[in-house]
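Working notes, beginning with the structure itself.
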Amino acid sequence: MTTFQLNGHDVQTGEEERNTPLIYILRSPSIGDMTPKLGCGLEQCGACRVLVDSEAVYGCTLPTSAVQSRHVETAAGLDTPVRQALIEANATQCGYCLPGIIVTAEALFRTNPHPSRVEIAHVLDSQLCRCGSQPRVLKTLTELARK
Amino acid sequence: MKALPPGLVSTPSLDRWIGLSENRKIVAYTGKVEIGQGLLTALRTIVAEELDVAPESILVVSAHTGHTPEEGVTAGSMSIETSGAALRQASAWARRLLIDDAAARLGIAADQLAINNGEITAPGINESLDYWQLYTGSFNFEIRALTPEKSPDRYRLVGHTGQSRIDVPAKATGAAFVHDASAELHARVIRPPSLNHRLTGINAEVTSPGELIVDGSFVAVAHPHEFKAEQLAMTVSANATWHRLDAPEANFDIDETRRVRAAAFPILNGTPTLTPPTPINTAHRASYSRPFLMHASLGPSAATAVWRDGTLTIESASQGIEPLRLVIARALRMEDANIEIRHIAGAGCYGHNGADDAAFDAALIALALPGRKVLLKWSRADEHGFEPFGPAMRMELGADLDDDGHVLTWTHDVYGFTHVSRPSPHAPGVDLLAARLLQQPLSHSPPVPRLTPEVGIHRNALPIYAFDTQHVTKHFIADSPVRTSALRGLGAQGNVFAIESFMDELAHFSGTGPDVFRRRHLGHDTRALAVLDAVLESCGGLTGNRGLGLARYKNRQCCAAVVVEVSVDENTAEIQVPRLWIAADAGRVIDPDGLRNQLEGGAVQALSWCLKEAVTFDTEGVVTSRDWESYPILRFSEIPEVETVLLDHPEMDPVGAGEATVGPTSAALANAVFAATGLRVRDLPMTPQCLRGVAAQ
């Protein structure tokens, strides 16, 4: 059995799910958090990213047992200035990459509340966006960092 | 005199476009779909403007067979132009019918009445009515003629501050995509190595509650738990053997043999013709190319399907649910009426990607597992390997100049494979991937050259410039080694890349500045001159490491000029793009924020294509670029700062802009690299290896 917190709530999963990658557990009907996205399953695109104790990790490969007693946060639970700013700026196009970007940017802003554009871009290199909304994401987060 | 929008000609019933609901909402129906371009938000703005209500009181219902107007495929940057025009006129009619009714009830002339958020009032009268009191459950009205629309000088929403996108909050915080739909079973398909391979056998057992579906070489698995379905797919895949159909070694080049064999269609008055081409020799010549490109949607294609009580119900991110329904019905020998398809957002769609194929896969699986709703997702490797690619292209340009640096003669020969193979009820075959893999295979349509203006290979092959003599010819290559179809801009990206690169080459030869040379040939095209002026003013001029590109999409839609600034690392030969400027004229601006997003997205995607991307294959035709390392795209630290200027024309009709910047950006990049290094890159992508190759010549 694995127990962890998801966005502040206790969650338990069965022993047989120890090795199941976390994303499938989060997206299963019993939890139903659809914000982590399946993109590649290869840790290449970042669409699946979640926070584990404030660190952004790949949910597509992380075994569920690895989050035992830890705090998992997803874009669904991150009602933060980062998420708010990106939504208000329409800083996305198709939106599939957006939850992963929120998660990864949130991790950065928790450790460095005033990052530069270069620092933001460097951290977001783990996140792919195919629609080309990166200029707007960078602009939005750079402005947020100045506040 | 303007004509009735085509959407209203085919669907004249006002009730099919506009309705009022009991909770004081207005429902607007569109057959077009949201693919991340902000369309539903823009349509909402148009309807809110015309009906004088707050945007928040409008609910937009998009593509759902049997429920929304049939508006074909969401493609070609046409939705604002077509669905927007239809909804604007339908809204004007709804407003007119409601206000006429109010005038009759209040005994006051309609032109004395004011409308504020759906409430109708008249000066000096306490009584008021609102839309919802007047509406009787339907308009019961057919639109056969135009009614006056609101004058743009009274706009308070259209063209003003951008609206918050309707769809974004759910995409940031919850379930919003077809991938997120609920289902009883998760399904995966197991593909052959290529479409030239067929199943020999599978040496694997699948036990309940897992399911294995095999129909010829169409192989799928399903399981109630998604990860188990994923594992099942891996097991079956590892234990499946395939054989290659007889086929010669795959050739992916547009080589001399193919160019000679290609069917030539000289373009006269904008239209490809069967006139024999005239060979023209020119003093200046250059040949340009682009490779096969991917849509490479961030989320692999997905769909749901359930076969229950004689009805097949599908949820799909297809850009054309109506044609998809008809083609699936034909493939499955079902009545159209027994298939229902609802559009649900997918990951980025830039043309014809795997969404339609996934819908057919899901339908086949659902038919094999009656009564249970199936959610099918492709793997990343299959998305990269089996989507319909944007075709490779070769553009051969020529020109003669006079002593004053004027173009006397211009030639443009564009060679390539089809850009148009969406599933269509008008095509002879079933253009859905799995069709050809079935035990009783359904053939796909042979590629045919499109001979209407501005389609496919020859889109934007005609230059924007007023040259004295021009010979533009489309060369259609039928024997494509791989499935190809529409990718953002279709032929426009390759053609504009070539035209605008060649313009720079000619400007350089004649010792003229790139902007001056273009102005010289733009004649009285005031709108093109205006975007050129605007982009130069915005960037402050073409300095030593900047390049320019200019085009009007399809030679009639959005006009865009782009300036790209590069820095090229002398040691690594890597090209960085720190800054990029766009100026665009898309007629009347509906939503400035949405328009910027589309223009900038197109520019960034084009930079990615040109700097990094090429689909790779082995000699058997198997795609070898199957993930994001073998098919890299631009990452955040490679993204320029972008500034965009919009030239608004409230008095004109709006046009779409999602494809307008891909061509100009591609050429502006090549021209900037030339400005910075003196190296002329004519073959995409501009990788360090490619740049070194040019330097070595």
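Quick note, the sequences are listed as chains A and B, same order. Residue numbers for the first sequence follow my numbering, so the first one is -12 and each next one is one higher. Residue numbers for the second sequence follow my numbering, so the first one is 2 and each next one is one higher. For every residue, glycine included, the Cβ atom is placed at its ideal position computed from N, Cα and C. All values derive from a computational prediction rather than experimental measurement.
Look at the alpha carbon of residue i and the alpha carbon of residue j, and state the distance between them as a whole number of angstroms.
i, j, result
"Ala677 (chain B)", "Met79 (chain B)", "37 Å"
"Ala146 (chain B)", "His(-4) (chain A)", "59 Å"
"Ser298 (chain B)", "Arg106 (chain B)", "54 Å"
"Arg117 (chain A)", "Gln38 (chain B)", "13 Å"
"Cys47 (chain A)", "Glu30 (chain A)", "7 Å"
"Leu25 (chain A)", "Ala535 (chain B)", "42 Å"
"Gly490 (chain B)", "Gly386 (chain B)", "21 Å"
"Pro6 (chain B)", "Pro280 (chain B)", "42 Å"
"Gly125 (chain B)", "Ile116 (chain B)", "15 Å"
"His109 (chain A)", "Leu125 (chain A)", "11 Å"
"Leu114 (chain B)", "Val54 (chain B)", "15 Å"
"Ala111 (chain B)", "Ala585 (chain B)", "39 Å"
"Leu233 (chain B)", "Ile340 (chain B)", "29 Å"
"Tyr156 (chain B)", "Leu647 (chain B)", "18 Å"
"Thr12 (chain B)", "Pro225 (chain B)", "41 Å"
"Phe618 (chain B)", "Arg291 (chain B)", "15 Å"
"Thr419 (chain B)", "Asp247 (chain B)", "23 Å"
"Ala64 (chain B)", "Val159 (chain B)", "23 Å"
"Ala562 (chain B)", "Thr69 (chain B)", "36 Å"
Would you give the residue range spanned by the alpha helix (DSSP H) that residue i belongs to?
i, result
"Cys611 (chain B)", "593 to 613"
"Tyr11 (chain A)", "9 to 14"
"Asp20 (chain A)", "Note, Asp20 (chain A): premise wrong, no alpha helix (DSSP H); not H, not E."
"Lys172 (chain B)", "169 to 174"
"Gly8 (chain B)", "7 to 11"
"Asp432 (chain B)", "Looking at the DSSP string, Asp432 (chain B) is not in any alpha helix (DSSP H), and its letter there is neither H nor E."
"Gln690 (chain B)", "689 to 697"
"Arg123 (chain A)", "121 to 133"
Starting from residue i, trace the beta strand (DSSP E) both ways and give me its first and last residue.
i, result
"Lys475 (chain B)", "470 to 477"
"Ser269 (chain B)", "The sequence shown places Leu at residue 269 (chain B), rather than the Ser named in the question. That run of the beta strand (DSSP E) goes 264 to 269."
"Gln(-1) (chain A)", "-4 to 0"
"Phe219 (chain B)", "219 to 224"
"Ser22 (chain B)", "19 to 22"
"Leu(-7) (chain A)", "-11 to -7"
"His58 (chain A)", "58 to 60"
"Asn117 (chain B)", "115 to 117"
Give a yes or no on whether 7 Å exceeds the smallest Cβ distance from residue i to chain B.
i, result
"Gln55 (chain A)", "no"
"Gly82 (chain A)", "yes"
"Arg117 (chain A)", "yes"
"Asn77 (chain A)", "yes"
"His70 (chain A)", "Reading off the sequence, residue 70 (chain A) comes out as Arg, not His. Arg70 (chain A) counts as touching chain B."
"Leu131 (chain A)", "no"
"His109 (chain A)", "yes"
"Leu85 (chain A)", "yes"
By the three-class DSSP mapping on this structure, what secondary structure does residue i have?
i, result
"His522 (chain B)", "helix"
"Asp337 (chain B)", "helix"
"Trp133 (chain B)", "helix"
"Pro68 (chain A)", "helix"
"Met653 (chain B)", "coil"
"Cys560 (chain B)", "strand"
"Tyr83 (chain A)", "coil"
"Gln494 (chain B)", "helix"
"Gly202 (chain B)", "strand"
"Val517 (chain B)", "helix"
"Arg381 (chain B)", "helix"
"Trp411 (chain B)", "strand"
"Tyr554 (chain B)", "helix"
"Phe96 (chain A)", "helix"
"His180 (chain B)", "helix"
"Ile107 (chain A)", "helix"
Would you say residue i lies against chain A (beta-carbon separation less than 7 Å)?
i, result
"Asp181 (chain B)", "yes"
"Gln606 (chain B)", "yes"
"Pro593 (chain B)", "no"
"Val563 (chain B)", "no"
"Lys33 (chain B)", "no"
Identify each residue in the segment 626 to 639 of chain B for which the Cβ-Cβ distance to at least one residue of chain C is less than 9 Å, and report them in chain order. Among the protein chains in the structure shown, which are A and B, there is no chain C.
Within the segment 238 to 263 of chain B, note down every full beta strand (DSSP E) run reaching 3 residues or more, in order along the chain. DSSP runs (the beta strand (DSSP E)) wholly in the segment 238 to 263 of chain B: 241 to 245.
Can you list the alpha helix (DSSP H) stretches of 4 or more residues lying completely in the segment 290 to 354 of chain B, in chain order? Positions of the alpha helix (DSSP H) runs, each at least 4 residues long and wholly inside the segment 290 to 354 of chain B, are given as 322 to 333 in order along the chain.
Report the residue ranges of all alpha helix (DSSP H) runs contained in full by the segment 27 to 87 of chain B; include only those spanning at least 4 residues, in chain order. As summarised for the segment 27 to 87 of chain B, the continuous alpha helix (DSSP H) elements at least 4 residues long and confined to that stretch are 40 to 52, given in chain order.
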